[in-house]
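Sequential numbering of the sequence shown, starting at 285, is according to the numbering used here.
Every residue gets a Cβ at the ideal spot worked out from N, C-alpha and C, and that includes glycine.
Please read these numbers as outputs of a predicted model, since none were measured by experiment.
Down below is the structure, laid out as structure tokens.
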Amino acid sequence: MTTSKKENNACIFTIFGATGDLTKRKLIPAVFTLYEQGRLPEGFTVIAIGRRDKTMDGYRDEIHGFMRDILNRDIDDDLWKEFRNRIIYQKMNFLEENGYENLNMLSRKINKENNTAGNRIYYLATAPEFFEIIIRKLHENKMLKNKNSWQRVMVEKPFGSDLPTARELNDNITDMLEEDKIFRIDHYLGKEMIQNILSLRFGNSIFEPLWNNRYIDSIQIISTEKLGVGDRGSYYEKTGVIKDMLQNHILQMLSLIAMEPPVNLSSEAIRDEKVKVLQALRPFTKESVKSDVVTGQYGKSNVFAAYRNEDRVSADSKTDTFIALKTCIDNFRWGGVPVYIFAGKRLSEKTTRIVIHFKKLPGINFYKEFKNTESNVLVIRVQPEEGIFFRINTKHQGNDFFIGPVEMDYCQNCGYNSNSPEAYERLILEALNNNSALFTRWDELEYSWRFIDSLYRSRENEVLNYPNYEAGGKGPVNAYELIEKDNRKWWDKGGEKNDLI
Ligand code: BG6
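Shown next, in the form of structure tokens:
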């Protein structure tokens, strides 16, 4: 999906939100790794903007300390010395006019010194309430359009908090900035195995012809985390798992799994097909929410605090930290195939899996020797292991004719020295190369919010008996009933493949 366009990609990379966790844990380590690999253009310079008072050396030392922990490998001293000079800390209040004037002056100076051709990427790693105001100030200070150079804006999630607010934000920013200059981040799109979905689907004749409701029984997307909300309580109180994970990461994975083959691998062609999947998601109703959705919130355990006792979380919070649901994609390819989703925080393991259950062959039960066969299953293991698991039936070795399942398991990152690039490395590189395929287009957001809004609307007045699962446990009991009443089981959640952890 990488299309390197031949243009000068030297640039200044300005991060708003320099002291936040995302910048320290993800963005700077990603930029450093790209620098180590020689993938950054000549002169590439980071301006890190934060609201706190910090000296240049103080900030650089701070991120060095963080990077050592995060990258978990030796950092070459000489390389770090070179790199640190490319990080400029600038204190600035996002709301103040003269901050932007100073930033513009600083950018011009760096542009001259480092030959960055006037090109700029602005990365908004701030709280969402600042997205619009920062873009407006950049626009008013003429920092978003310059002759003979390009300017791009990368925007973190969440983009809006429902369809009306997302639309308003989008209308306001697209008044100042064209769609092709906006790079809305969903970091899952930068993950190795998510990129692999297209190769797996469209590069293998054994899958694509079967990839429809005639041969596929059901799809599961499982995305669980061991961690709780940590110090992000006030953010999470406003999002919960539905807006934090489902609206973006999970629906993006689903759209790649279910889309039609794009006419080519350009950003627009891929996103044209993804958006049709989101458009075809069946909206929830009051009835379907009751039968097809289970939400939850973690309570305390011997080891962990309850969600309600986390920092900056209300003592009677009704925020969901867990969701399991069943939905359908109402189109010709997928009509009748249930899609099950299981996602939450403070569960027993960190895992992201996409599980495709194929149908059993209709005649298979006529042969008594085949009674132990299982349906074929393909599992895309997104993380922590990255790979593919495939279950087929074969005759077991020996003189008896006994048929049963065997499992093929390919792990791409299990070997020594086989680290996949971090999602943010790839996303930064793609934005530098002006390739939008790994970023969310407005219409994708629009339809994903439409689906999520239907869920919220249908839940109005719901009585939530929270907490309803133990921190570090397997999630609410009802989540298991939700799938078991359809005679199916969650893959590896005490279900069919209990040991695949
Ligand atoms: C982020 C969410 O977008 O994704 C976090 O805000 C979540 O709450 C994280 O923990 C999960 O990402 P990953 O890459 O660790 O699976």
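Counting other Cβ atoms within 10 Å of its Cβ, I664 reaches 16 or more and is therefore classed as buried.
Looking at L461, G444, E440, the one whose alpha-carbon comes closest to that of K421 is L461. In the DSSP annotation of this structure, Q321 is not part of any beta strand (DSSP E), being labelled neither H nor E. Look at D455: its beta carbon is at least 7 Å from all of the heavy atoms in the ligand BG6. The C-beta of M537 has 16 or more other C-beta atoms within 10 Å across all chains shown, which makes the residue buried. In the DSSP assignment, C695 forms a beta bridge with G671. Taking a C-beta distance under 8 Å as the contact criterion, K558 and E728 qualify as a contact pair. Non-local beta-carbon contacts of M376 in its own chain, meaning distances under 6 Å to residues more than five positions away in sequence, involve I333, G383 in chain order.
Comparing C-alpha distances from A294 to each of H348, E397, I676 shows the shortest one belongs to E397. Sequence-distant partners of K510 (beyond 5 residues in either direction) whose C-beta falls short of 8 Å from its own C-beta, in its chain, are R630, L631, S632, E633, K634, G756.
The criterion of a C-beta distance shorter than 8 Å is not satisfied by R323 and F350. CA-to-CA, the gap between F414 and N615 works out to about 38 Å. Contact annotation: the stretch 560-573 does not touch the stretch 487-500, with fewer than three C-beta pairs closer than 8 Å.
The C-beta separation of I541 from I481 comes to about 6 Å, placing the pair in contact by the 8 Å criterion.
Rounded to whole angstroms, E380 and R637 show a C-alpha spacing of 45 Å. In this structure, G628 and T508 form a Cβ contact; the two beta carbons are roughly 6 Å apart against a cut-off of 8 Å. Cβ-Cβ separation between V623 and L766: approximately 13 Å, too far for a contact (criterion under 8 Å).
Going by beta carbons, S704 and E730 fall outside the 8 Å limit. Runs of alpha helix (DSSP H) with 4 or more residues, each lying fully within the stretch 323-408, are found at 340-355, 361-368, 381-398, listed in chain order.
Counting of Cβ neighbours within 10 angstroms places Q374 among the buried residues, the total reaching 16 or more. Residue pairing of H641 in beta bridges, as defined by DSSP: S502, V661. Cβ-Cβ distances below 6 Å link Q667 to T636 in the same chain, with the five nearest sequence neighbours on each side left out; the list follows chain order. Note that the C-beta distance between M438 and Y407 is below 8 Å. In the DSSP annotation of this structure, the continuous segment of the beta strand (DSSP E) that includes K610 starts and ends at 606-612. Secondary-structure assignment with DSSP links E754 through a beta bridge to G583.
If you check the C-beta of D528 against the ligand BG6, you find a heavy atom less than 7 Å away. Taking the Cα of F626 as reference, the smallest distance to any Cα among A589, F674, N752, K758 is reached at K758.
W774 is positioned such that its CB atom lies no closer than 8 Å to that of I554.
At least 8 Å separates the beta-carbon of P313 from that of I371. In the DSSP assignment, the residues bridged to Q435 are R404. Per DSSP, reduced to three states, the secondary structure at R596 is coil, with no helix or strand assignment. In the DSSP assignment, P448 falls within the unbroken alpha helix (DSSP H) covering 447-458. G524 sits in a helix when the DSSP states are folded into three classes. Taking a contact as a CB-CB distance under 8 Å, the pair H680 and V661 does not count as one, their CB atoms being some 18 Å apart.
In this structure, R617 is the residue among E346, K655, R617 with its C-alpha nearest to the C-alpha of P545. The Cβ neighbour count for G620, taken over all protein chains shown within 10 Å, is under 16; the residue is labelled exposed.
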